[in-house]
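Engineer: Protein sequence lines, in the order shown, are assigned to chains A and B.
Here the first sequence is numbered in numbering that gives the first Met the number 0, starting from 0 and rising by one per residue.
Here the second sequence is numbered in numbering that gives the first Met the number 0, starting from 0 and rising by one per residue.
We put the CB at the ideal spot given by N, CA and C, even for glycine.
Dropping a structure here in structure tokens format, bear with me for questions.
Number of protein chains: 2
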Amino acid sequence: MPEREDGPRSGDSPRLVRAVARLRSSGERITPARYAVLRVLDAADRSDEHLTAEQIGSRVAEAEPSVHRATVYRSLASLVEVGVVSHVHLGGSAAVYHLTDERPSPATALGHAHVQCSSCGRVIDVPPDILEPVAARLRDELGFRLATTHAALLGTCRDCT
Amino acid sequence: MPEREDGPRSGDSPRLVRAVARLRSSGERITPARYAVLRVLDAADRSDEHLTAEQIGSRVAEAEPSVHRATVYRSLASLVEVGVVSHVHLGGSAAVYHLTDERPSPATALGHAHVQCSSCGRVIDVPPDILEPVAARLRDELGFRLATTHAALLGTCRDCT
DNA sequence: CTGCCTGCAAAGGATTTGCACTCAT
DNA sequence: ATGAGTGCAAATCCTTTGCAGGCAG
């Protein structure tokens, strides 16, 4: 017998459960739409996918057909604001979303960075510390605090060279 | 007596003249629209401005009112393709354009990089070598060739801290 | 209950495209 | 003359918003 799809499920990953808890403790409401969005993002993370709002919308629609596209955008906005979800602006085209990295070590405070191949469009995760030297210089020379997570660097990936 | 606005002018900067020459030698045609776009970009560069396509369009309209918005986009696309103009994708919002940096020393091959304040929107130019360590790591570890010029890094500028 | 969230539809900004025409070469 | 470039309008893509009703708390 299948489980209901609009509430907690036994298959929910610890990370998902934590995300929901964090959302709740931020005073945000747990709705079927938001649950579905989080579940989609959690599943995507396991396969290292980076989904656009539209892709998230269509996957959400599989589980919760009644959820409107606009609601997905609004849900994502709320989730981002709370910090449960991060979004990355890709060059020119749509933004992609994923669950915010949780820090095993609370030392460095940032999630992973992204690079995108302008040829094939693929998004590649890179360790956050790769931008550390850049962040340091910007801080020292310009007083600029770099958000290493927020934008994708563009270039050409190995396969497209 | 004013000079005509649809052809070379005595006030045209050497850099503009070179850009036009390069455009011509690429087999592209020199039209009033393209001339006007280049002139706007040249003027903007002198004041360290980064213009969006729309801003370029309205400035072009002052000199050449008959030039259509769509033509500005198409002109910019051609200019970018030829390499005379570079465009930078800013976080989420519109792309900005500027004349491609010319290299005094042909050693390093890249123009300047950009960072943008997500609070006030300001775009700051930074020396291209700031991304060199990042480019090196991406190349070595992923075979990814970084286009240091193409995307803006996001963060918070000193004034908005 | 109360108001945060939602569904719907419609607007919005940025950019692109189909088509016929025009002008740089 | 000939096709690269253009003007125009309409389409596209991604996202946001106004409003009335609905469900989480």
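1) Going by DSSP, what residue range makes up the alpha helix (DSSP H) through Asp124/A?
2) Could you check where the alpha helix (DSSP H) with Thr70/B kicks off and where it finishes?
3) Please specify which runs of the alpha helix (DSSP H), each continuous and at least 4 residues long, are wholly inside the region 21-57 of chain B, giving them in chain order.
4) Which residues, taken in chain order from the region 69-89 of chain A, show a beta carbon closer than 7 Å to some beta carbon of chain B?
5) Just reading off the alpha helix (DSSP H) that Ala112/A is part of, what are its end residues?
6) Let's test the definition: count the other Cβ atoms within 10 Å of the Cβ of Ala135/A and tell me whether it reaches 16, buried, or not, exposed.
7) Find the nearest neighbour of Cys163/B within the set Asp128/B, Val122/B and Thr147/B, judged by alpha-carbon distance.
8) Return helix, strand or coil for Arg8/A, following the three-state DSSP convention.
9) Going by Cα to Cα distance, which pick from Glu53/A, Asp47/A and Leu89/A is closest to Leu98/A?
10) Using the rule of at least 16 other Cβ atoms within 10 Å of the residue's Cβ for burial, across every protein chain shown, is Ser85/A buried or exposed?
11) Indicate the three-state DSSP secondary structure (helix, strand or coil) for Ala135/B in the structure shown.
12) If you draw a straight line from the C-alpha of Val81/A to the C-alpha of Ser25/A, how long is it?
13) Check this for me: beta carbons of Thr51/B and Val95/B, under 8 Å apart or not?
14) Using a Cβ-Cβ cut-off of 7 Å (strictly less than) and excluding sequence neighbours within five positions of Arg68/B, which residues of its own chain qualify?
15) Please check if any C-beta of chain A sits within less than 8 Å of the C-beta of Ala106/B.
16) Is the shortest distance between the beta-carbon of His149/B and the beta-carbons of chain A less than 8 Å?
17) Given that Cys156/A touches chain B, what residues does it touch there, using C-beta distances under 9 Å?
18) Taking DSSP's pairing of strands, which residues face Gly154/B in a bridge?
19) Could you check if Asp41/B is buried or exposed, using at least 16 other CB atoms within 10 Å of its CB as the buried criterion?
20) To the nearest angstrom, how far is it from the Cα of Ser118/B to the Cα of Leu22/A?
21) Compare the C-beta of Pro132/A with all C-beta atoms of chain B and state if any pair is closer than 8 Å.
22) Does the beta carbon of Ile129/B sit closer than 8 Å to a beta carbon anywhere in chain A?
23) Could you have a look at Ala93/B and say whether DSSP puts it in helix, strand or coil?
24) Quick one: Cα of Leu145/A to Cα of Gly154/B, how far?
25) Any Cβ of chain B within less than 8 Å of the Cβ of Ser118/A?
26) Do you know how far the Cα of Arg17/B is from the Cα of Arg33/A?
27) Under 8 Å Cβ-Cβ, which residues of chain A neighbour Ile123/B?
Structural biologist: The structure says:
1) Going by DSSP, Asp124/A is part of no alpha helix (DSSP H) but of the beta strand (DSSP E) stretching over Val122 to Val125.
2) Here the alpha helix (DSSP H) through Thr70/B covers Arg68 to Val81.
3) Restricted to the region 21-57 of chain B, the alpha helix (DSSP H) segments that are unbroken, complete and at least 4 residues in length are 31-45, listed in chain order.
4) Of all residues in the region 69-89 of chain A, His88 have a Cβ within less than 7 Å of some Cβ in chain B.
5) In the DSSP assignment, Ala112/A falls outside any alpha helix (DSSP H) and lies within the beta strand (DSSP E) extending over Ala112 to Cys116.
6) Per the 10 Å Cβ criterion, exposed.
7) No answer is possible for residue 163/B: it lies beyond the span of chain B, which begins at 0 and ends at 160.
8) Arg8/A: coil per DSSP, three-state reduction.
9) Shortest Cα-Cα distance from Leu98/A to any of Glu53/A, Asp47/A and Leu89/A involves Asp47/A.
10) By the neighbour-count definition (other C-beta atoms within 10 Å, threshold 16), Ser85/A is a buried residue.
11) In this structure, Ala135/B counts as helix in the three-state DSSP scheme.
12) Each residue's Cα considered, the two are about 7 Å apart.
13) It is a contact, given that the beta carbons lie within the stated cut-off.
14) Closer than 7 Å at the Cβ level, and outside the excluded window around Arg68/B, lie Gly56.
15) Below a pLDDT of 50, predicted positions are generally treated as unreliable, and Ala106/B, at 48, falls in that range; the measurement from the model is reported next regardless. Any Cβ of chain A closer than 8 Å to the Cβ of Ala106/B would place that residue at the interface, and such an atom is absent.
16) Taking 8 Å as the threshold, the shortest C-beta distance from His149/B to chain A falls below it.
17) Under the 9 Å cutoff, chain B gives Leu141, Gly142, Phe143 and Arg144.
18) Residue pairing by DSSP puts Gly154/B in a beta bridge opposite Leu145/A and Cys116/B.
19) It is buried - the Cβ of Asp41/B has at least 16 other Cβ atoms within 10 Å.
20) Near 25 Å, if we compare the C-alpha coordinates of Leu22/A and Ser118/B.
21) Pro132/A counts as touching chain B.
22) The C-beta of Ile129/B comes closer than 8 Å to at least one C-beta of chain A.
23) In the three-state scheme derived from DSSP, where H, G and I count as helix and E and B as strand, Ala93/B is classed as coil.
24) Distance between the alpha carbons of Leu145/A and Gly154/B: 4 Å.
25) Answer no: the Cβ-Cβ gap between Ser118/A and chain B never drops below 8 Å.
26) C-alpha of Arg33/A to C-alpha of Arg17/B: approximately 55 Å in a straight line.
27) Chain A residues near Ile123/B: Leu141 and Phe143.
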